[in-house]
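In the working numbering, the protein residues as written are 1 to 291.
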Amino acid sequence: MRPIDLIVALMVAFFWGLNFVVAKVGLAQLPPVLLVTLRFALVAVILVPLVRVPCGRLKEIALLSVTFGVCHFSLMFNGLARVDAAVAAITIQIQVPFAALLGAVLYHDPPGWRRLLGMTLAIAGVGILAGGPQASSALWAVGLIVAAALVWSVANVQMKRLSGVDGFALNGWVALMAAPQLFLVSLATEQDHWRAIAAADWRVWGTVAYQAVIVVILCYGIWFRLLRDYSVNQVMPFTLLVPLFGVVSGVLLLDEPLSWNLLVGGLATIAGVAIILFRRPRLVEPKTRAP
1 MRPIDLIVAL MVAFFWGLNF VVAKVGLAQL PPVLLVTLRF ALVAVILVPL VRVPCGRLKE
61 IALLSVTFGV CHFSLMFNGL ARVDAAVAAI TIQIQVPFAA LLGAVLYHDP PGWRRLLGMT
121 LAIAGVGILA GGPQASSALW AVGLIVAAAL VWSVANVQMK RLSGVDGFAL NGWVALMAAP
181 QLFLVSLATE QDHWRAIAAA DWRVWGTVAY QAVIVVILCY GIWFRLLRDY SVNQVMPFTL
241 LVPLFGVVSG VLLLDEPLSW NLLVGGLATI AGVAIILFRR PRLVEPKTRA P
């Protein structure tokens with residue numbers, strides 16, 4: 001990998017990891033689903049006018065907007081609102097063993113002992129993390145993030161079947177379809193929307209802009225190019241840095257405690273994910289991640 005692309009890949013991992021902290025800033029003032037609604041709305045406003053309509057694939061994209069856009073992000077942000085950013089950054093990594101398990105079932109690809117070891121390590125790591133002081137008081141919130149990871153593994157299969165669609169078009173049209181659905185979910189489950197929006201300061205709008213422009217448009221655009229120019233085995237290991245940057249950002253910027261559960265559980269989870277990534281079947285290689 002060229003030095004400039006190495007730096008760019010590190011930058012993407014950093015921005016994705018920092019997003020857990022940035023999202024926490026927005027969640028301090030806005031309800032979770034409303035924040036996600038605004039994120040997707042801004043992505044749609046920016047991308048949809050610039051991309052082609054993916055004719056013939058709109059039904060599949062609509063289904064993806066339900067699983068990935070509505071279900072995954074609603075669960076993820078409701079969980080993130082109630083636990084430390086560091087805990088969320090580690091816990092969501094369980095999506096990788098979930099995707100490997102689902103791929104083994106759907107594509108009849110036995111995981112082998114190495115990937116089974118990786119799955120066991122990752123799940124055990126999340127279990128250790130859940131027993132720590134940052135998570136034990138909100139286990140149900142950790143459960144929401146685990147559920148979000150499970151939904152992501154299903155969405156990952158859908159995205160694989162849409163691999164022929166341009167990445168920007170896919171992100172734009174998923175956002176366009178997900179935003180109104182998320183708004184209805186927010187109206188049904190959350191309160192004081194207009195008051196929260198009226199009271200939101202520059203940090204909230206900065207959060208929305210960061211997630212839409214930096215995380216989705218810039219980082220995913222770079223990521224798609226890296227996947228095009230290099231092998232998956234060269235690119236995917238950089239995703240292991242995302243939870244690391246998420247934990248460090250949470251500790252440094254939000255003064256989150258660094259407990260032994262977080263350290264041991266985080267290391268076990270990342271080690272398990274690393275084993276799976278280096279041995280995973282090609283049919284379940286992810287093209288996108290969250291948050």
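Each residue gets a CB set at the ideal place from its N, CA and C atoms; glycine is no exception.
On a predicted model such as this, the values are computed, not experimentally measured, just so you know.
Find the nearest neighbour of residue i within the set the options, judged by alpha-carbon distance.
i      : options                          : result
Gly172 : Gly56, Ile46 and Ile128          : Ile46
Gly265 : Met177, Gly125 and Leu64         : Gly125
Ala138 : Asp84, Val251, Arg2 and Trp152   : Asp84
Ala130 : Val215, Val273, Thr239 and Ile94 : Ile94
Trp152 : Gly118, Trp16 and Leu75          : Leu75
Ala175 : Val36, Ala28, Leu10 and Phe40    : Phe40
Cys71  : Phe183, Trp202 and Met1          : Phe183
Leu218 : Phe15, Tyr107 and Ala99          : Phe15
Lys294 : Trp140, Gly250 and Ile214        : Because the chain here runs from 1 to 291, residue 294 falls outside it and cannot be looked at.
Ile270 : Ile92, Leu38, Leu58 and Ala81    : Ile92
Pro110 : Leu101, Ile275 and Arg228        : Leu101
Leu116 : Tyr230, Ile61 and Pro97          : Pro97
Arg2   : Asp229, Leu253 and Ala155        : Asp229
Leu35  : Gln191, Leu253 and Gly167        : Gln191
Should residue i and residue j be called a contact, given that it needs their Cβ atoms to be closer than 8 angstroms?
i      : j      : result
Ala268 : Val43  : no
Ile7   : Gly79  : no
Leu18  : Ala200 : no
Leu226 : Asp5   : yes
Val247 : Ala89  : yes
Met177 : Gly56  : no
Val306 : Ala13  : For the chain, the structure presents residues 1 to 291; residue 306 sits outside this window and is missing.
Pro49  : Val165 : no
Val142 : Val33  : no
Leu150 : Phe77  : no
Phe224 : Ala9   : no
For the alpha helix (DSSP H) holding residue i, just list the boundary residues, first then last.
i      : result
Gln158 : Leu139 to Arg161
Val215 : Taken as a continuous stretch (DSSP letters only), Val215 belongs to no alpha helix (DSSP H), as it is neither H nor E.
Met11  : Pro3 to Leu27
Glu60  : Leu58 to Leu64
Val105 : Gln95 to Leu106
Ser74  : Phe73 to Leu80
Ala86  : Ala85 to Thr91
Gln234 : Val232 to Val235
Gln181 : Gly167 to Thr189
Arg52  : That residue, Arg52, is in no alpha helix (DSSP H); it is neither H nor E in DSSP.
Val126 : Gly112 to Ala130
Gly206 : Trp202 to Ala209
At a threshold of 7 angstroms, does residue i count as lining the ligand FAD (C-beta to nearest heavy atom)?
i     : result
Arg57 : This structure lacks the ligand FAD, and indeed carries no ligand of any kind.
May I have a chain-ordered list of the beta strand (DSSP E) segments no shorter than 3 residues that lie completely inside the region 237-277? List check, beta strand (DSSP E) in window: nothing returned.
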